[in-house]
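In the numbering used here, the protein residues as written are 5 to 814.
Written out as structure tokens, the structure is:
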């Protein structure tokens, strides 16, 4: 709309509209449809075509553009500007906010301040942030200066699209001060020299040094083929391997051979799931045990360290890491014990037991524990020795059973351990580190364990051996690794994978150990094949199996049954099996336009070729096989395409593709980035609906629970619970100061609590967690009703439907 300069605005609008509509259509310029005046007023407006796309300014802010994307954007926008200039128009407000990234390419929009070449009195308008430093906005410019203004603004926009930053610390371009070379910024040292030359020339401080026309600028950009210069691969990581097969050839990668051993269902060997060889250490990531517990132990902070957890949690690995650290500090390590070691460092002694659940030769486990814990017998911890630290890795159940059976002898220690499990607090030099509370998706200052493990597994040096392989352009394993290596898209892929793992964590069906994590990530990257088997797969031309091996399918087992316990649970949150008819139709009958997806600079696009082949092979006829038989390959193809879109789409639409509608919201609440209290009203409303109340708003936000169900009854009785007596908070799960230091923790649910008034007040709690994808509300509701006691709220865990954060009874 035109709201200012009302003098002759209508006549001017008609003139501008006639001028704009005369410009021939161009793929990179928004099309003018018509102009009109608002009914009942003299306010004129122009109507342009509706263009669906992403705001380039938002994409820059969110780091969604790869350097090659920025180069493509620049080439398309300069074509659009050349078209406008050739037909006598200057945009005069080129900037990221006035450009759209669409399915069909860039679009120049917003002609509010555009100027015709024959309008010699117009100054134009627009942002000073993108004005050339030698352009005087107070002076009426000639057409050469107007064109230069558009070109300069595009150069600045291209600079921001490449680097995600403005060239200077000032709010507008400074006079006589060239922009810094973008190769000086971290992550951009490999920008192609010819691109940098074009870029810096386009925003040179003096007009004489810049491009003279859009055609000249466009010709220069078209000479640039790649945004980054091509560099040779890194030398392979120089480590010995015990996991590779005999006779490694130039068409094999020792690291791939190692990754196979991490997979729990490996056909060759799963030796990598226990212990670490040289390649295992190369892919190792430290945890809070290494960063916090190890220095605390060496500082003499504790007398007894009890590390509990499941097999594969890394208990023994930490104790062995402690030994290596002591050796590096010049201490003495005696590994002559049958199930542990003795250590001495700086006058302090340490005794380690690798597994407190094992016998030692002729000595049964019960006596092993009696001897190991002997210094901590009795009722008074003040009598315990202080010049020695003992560390033991032991199953929680075994520890509790032992102390219960020997409580008279270890009364003080039993009490300390019980309080340690309940509160997580260290006391009297005894600390219980419960690794069952560890979460691989918990955020830390250096990233979650999942993120760092995947980044370590996909480090370039581990995959450099693949550079010389015959399959390097098509291999799915290298494709997967390079996907996560990508500087622009890689962090987004990891974010989305982390969300799927977080959903699995919140369901609480499995405590994900370090072993589970490495196994699932290994399968996602390489499947269950070594390099020779990958070559055989490609030689056989089995496109379906190749497609199932790409990371966007293999993270959940490729849509096939899998014996790995974590992979099988991930399959229950499959984003490919959700239903969105409009979106699915576009995938099944129209090949998706890849401009909606991230561009990966260092990998090939053979995944797209494989999917195209599968698409072409889909049955299209209506005769022959049954409908069910024809539908199955369509469903499998659409599921694959949906998964690829979920991971690689640029926009935030991936959140809508999650199998739980409010999964992101619940994850944000348990992470503490969103408050829980506003959810109370929604939960009470959902429970009221589950109680059969069709209009719960009449209750004023309070909760009503039916007292009893009477068969064939005509009247139902409810008890009312005031909304203000409810509280919602994240489950603490006994986390204390020590656990917060030594264990990366993320709660698995929310607790809705009610506390009544008076001396006999009711106190009830409802635990809220997501459940599996196929739990109908009718199967859940009886469990919730059966949990009622004392006229209060359900005390059992609430079960949630897959498409809502409301209880399934809603």
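Glycine included, every Cβ here is placed at the ideal spot set by N, Cα and C.
{"Asked": "What are the start and end residues of the alpha helix (DSSP H) that includes residue 668?", "Found": "667-675"}
{"Asked": "Starting from residue 435, trace the beta strand (DSSP E) both ways and give me its first and last residue.", "Found": "434-438"}
{"Asked": "Sort out for me which residues DSSP pairs residue 312 with in a bridge.", "Found": "438"}
{"Asked": "Considering only residues of the same chain and omitting the five flanking positions on each side of residue 91, which have a CB-CB separation below 8 Å?", "Found": "26, 27, 28"}
{"Asked": "Exposed or buried, what is residue 358 when buried is set at 16 or more other beta-carbons lying within 10 Å of its beta-carbon?", "Found": "buried"}
{"Asked": "Among 204, 23, 212, whose alpha-carbon lies nearest the alpha-carbon of residue 122?", "Found": "23"}
{"Asked": "Using a 10 Å radius around the Cβ and a threshold of 16 neighbouring Cβ atoms, would you call residue 342 buried or exposed?", "Found": "exposed"}
{"Asked": "Can you round the beta-carbon distance between residue 587 and residue 293 to whole angstroms, since I take them to be within the 8 Å contact cut?", "Found": "Not really, about 44 Å apart at Cβ, beyond 8 Å."}
{"Asked": "How do the region 54-65 and the region 185-205 stand: do at least 3 beta-carbon pairs fall below 8 Å, yes or no?", "Found": "no"}
{"Asked": "In its own chain, which residues sit with a C-beta less than 7 Å from the C-beta of residue 622, not counting the 5 before and 5 after it?", "Found": "637, 638, 641"}
{"Asked": "Helix, strand or coil, according to DSSP, for residue 158 in the structure here?", "Found": "helix"}
{"Asked": "Cα separation between residue 485 and residue 100?", "Found": "32 Å"}
{"Asked": "Using the three-state DSSP reduction, which class does residue 21 fall into: helix, strand or coil?", "Found": "helix"}
{"Asked": "Closest to residue 709 by CA distance: which of 719, 584, 725, 196 is it?", "Found": "725"}
{"Asked": "Shortest alpha-carbon distance to residue 463 belongs to which of 289, 189, 571?", "Found": "289"}
{"Asked": "With residue 324 as the anchor, note down where its alpha helix (DSSP H) starts and where it stops.", "Found": "319-332"}
{"Asked": "Along the beta strand (DSSP E) that carries residue 396, what are the first and last residues, could you check?", "Found": "392-397"}
{"Asked": "Would you identify the three-state DSSP class for residue 195, choosing helix, strand or coil?", "Found": "strand"}
{"Asked": "Helix, strand or coil: how does DSSP classify residue 650 here?", "Found": "helix"}
{"Asked": "If you draw a straight line from the alpha carbon of residue 421 to that of residue 403, how long is it in whole angstroms?", "Found": "9 Å"}
{"Asked": "State the Cα-Cα distance for the pair residue 605 and residue 190, rounded to the nearest angstrom.", "Found": "17 Å"}
{"Asked": "Measuring only the C-alpha atoms, how far is residue 496 from residue 652?", "Found": "8 Å"}
{"Asked": "Would DSSP call residue 36 helix, strand or coil?", "Found": "strand"}
{"Asked": "How would you write the range of the beta strand (DSSP E) that residue 336 sits in, first residue to last?", "Found": "336-338"}
{"Asked": "Can you find the residues in the same chain that come closer than 7 Å, C-beta to C-beta, to residue 250, ignoring five residues on each side of it along the sequence?", "Found": "The predicted position of residue 250 is uncertain, since its pLDDT is 45 and thus under 50; a value taken from the coordinates is nonetheless stated next. So the list is empty, once near-sequence residues are dropped."}
{"Asked": "Please name the residue, chosen from 395, 583, 378, 312, that lies closest to residue 353 on a Cα-to-Cα basis.", "Found": "395"}
{"Asked": "Just how far apart, CA to CA, sit residue 207 and residue 479?", "Found": "41 Å"}
{"Asked": "Under 8 Å between the Cβ atoms of residue 77 and residue 60?", "Found": "yes"}
{"Asked": "For the beta strand (DSSP E) containing residue 106, list its first residue and its last residue.", "Found": "103-106"}
{"Asked": "When you compare the CB positions of residue 774 and residue 664, do they come within less than 8 Å of one another, or not?", "Found": "yes"}
{"Asked": "Tell me, which residues are paired with residue 52 by DSSP?", "Found": "36"}
{"Asked": "Taking DSSP as the reference, what is the three-state secondary structure of residue 524?", "Found": "helix"}
{"Asked": "So the alpha helix (DSSP H) residue 79 belongs to, where does it begin and stop?", "Found": "71-90"}
{"Asked": "Where residue 52 and residue 80 are concerned, what is the direct C-alpha to C-alpha distance, given to the nearest angstrom?", "Found": "20 Å"}
{"Asked": "Just to confirm my understanding: we take residue 73, look at its own chain, exclude 5 residues before and 5 after, and list those with CB closer than 6 Å. What are they?", "Found": "603"}
{"Asked": "Measuring straight from C-alpha to C-alpha, what distance separates residue 133 and residue 89?", "Found": "22 Å"}
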